[in-house]
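Start counting the sequence shown at 1; every next residue gets the next number (the UniProt record's numbering).
Built from N, CA and C at the ideal position, the CB exists for glycine as well.
Just so you know, these numbers come straight off a predicted model, no measurement behind them.
Here's the structure, in structure tokens; my notes come after.
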Amino acid sequence: MTNSSAGTEVPQTDLPTTAGDAPAPRQEGAWSRSATPEHREKDAALQAWRAYFEATALLQDRAERHLKEQVNLSLGDYNVLLLLSEAPGHRLRMGQLASQMVFSPSRLTYQVKTLEARGLVTRQPCSDDRRGSEAELTDAGRRVFRKAAAVHTRQVRQDFLDQLNEHETETLLQVFSRLGRSLEDTGS
1 MTNSSAGTEV PQTDLPTTAG DAPAPRQEGA WSRSATPEHR EKDAALQAWR
51 AYFEATALLQ DRAERHLKEQ VNLSLGDYNV LLLLSEAPGH RLRMGQLASQ
101 MVFSPSRLTY QVKTLEARGL VTRQPCSDDR RGSEAELTDA GRRVFRKAAA
151 VHTRQVRQDF LDQLNEHETE TLLQVFSRLG RSLEDTGS
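This is the structure we're talking about:
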């Protein structure tokens, strides 16, 4: 498989790639040499997974890099600010924020502390339950988020949306909506 943006060869493997794996090289054309329809179907599914995984990693890397360079935010920081900007009163309980971000509470606590140190969010006890705490977007956080949203939207459009036709966009929406529902239904 060739990475068209870099023009480099990407090795093929029989196994799905996960973070930290070092894929073993696969001989050119081995996908097409499967003997049975079942093997060809399995190979196609593995190729789909591999293509998804690699493209997603590239998209996330580019989004992260552009946010860091232009507004000094990580993609995770941006996601926290996005969720708070959409919440009523620009505030959420830390537990709600963690579940919406699919983060562990301790990781989110660290991230929110970092944003709080920069003056982008505040944390305070919940008004209805003093045991919990809420994160709230500050005025400075709203300003930074607006700038970051413009940067991120441009990058998503350039690297993703502009690369798809209408049919591909609809297909991806259907596939990933169904997959997301399935994963939510089965839990973690």
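{"Check": "Buried or exposed by the 16-neighbour rule on C-beta atoms within 10 Å, applied to GLY132", "Outcome": "exposed"}
{"Check": "Nearest-angstrom Cα separation, counted from GLN47 out to VAL80", "Outcome": "33 Å"}
{"Check": "Sheet register partners of SER99 (DSSP bridge)", "Outcome": "SER99 pairs with nothing; no bridge assigned."}
{"Check": "Any 3 or more C-beta pairs closer than 8 Å across the segment 64 to 78 and the segment 133 to 151", "Outcome": "yes"}
{"Check": "Alpha-carbon spacing of SER106 relative to GLU38, whole angstroms", "Outcome": "44 Å"}
{"Check": "Beta strand (DSSP E) segment containing residue 212, residue limits", "Outcome": "As displayed, the chain neither begins before 1 nor continues past 188, which places residue 212 out of reach and without an answer."}
{"Check": "From VAL144, SER99 and ARG178, residue whose alpha carbon lies closest to that of SER74", "Outcome": "VAL144"}
{"Check": "Outcome for GLU134 when other beta-carbon atoms lying within 10 angstroms are tallied against a minimum of 16", "Outcome": "buried"}
{"Check": "Contact set for ALA22: own chain, Cβ-Cβ below 6 Å, skip 5 residues either direction", "Outcome": "Caution is warranted here: a pLDDT of 41 is assigned to ALA22, below 50, making its placement in the model unreliable, and no coordinate value can be reported."}
{"Check": "Nearest to ALA98 (by Cα), restricted to the options ARG118, ALA117, ASP77 and GLY89", "Outcome": "ASP77"}
{"Check": "Residue from ARG118, THR114, LEU83 and PRO88 whose Cα sits closest to the Cα of VAL102", "Outcome": "LEU83"}
{"Check": "Burial state of residue 189 (16 or more Cβ within 10 Å)", "Outcome": "Only positions 1 to 188 of the chain appear in this structure, which leaves residue 189 out of reach."}
{"Check": "Beta carbon of LEU137 nearer than 8 Å to that of HIS90", "Outcome": "yes"}
{"Check": "Where SER104 falls: helix, strand or coil (DSSP)", "Outcome": "coil"}
{"Check": "Whole-angstrom distance between THR169 and ARG118, CA atom to CA atom", "Outcome": "37 Å"}
{"Check": "Cβ-Cβ distance between HIS66 and GLN174 below 8 Å", "Outcome": "no"}
{"Check": "Start-end ranges of the alpha helix (DSSP H) lying completely within the UniProt domain \"HTH marR-type\" (45 to 181), minimum 4 residues", "Outcome": "75 to 86, 94 to 101, 105 to 117 and 139 to 159"}
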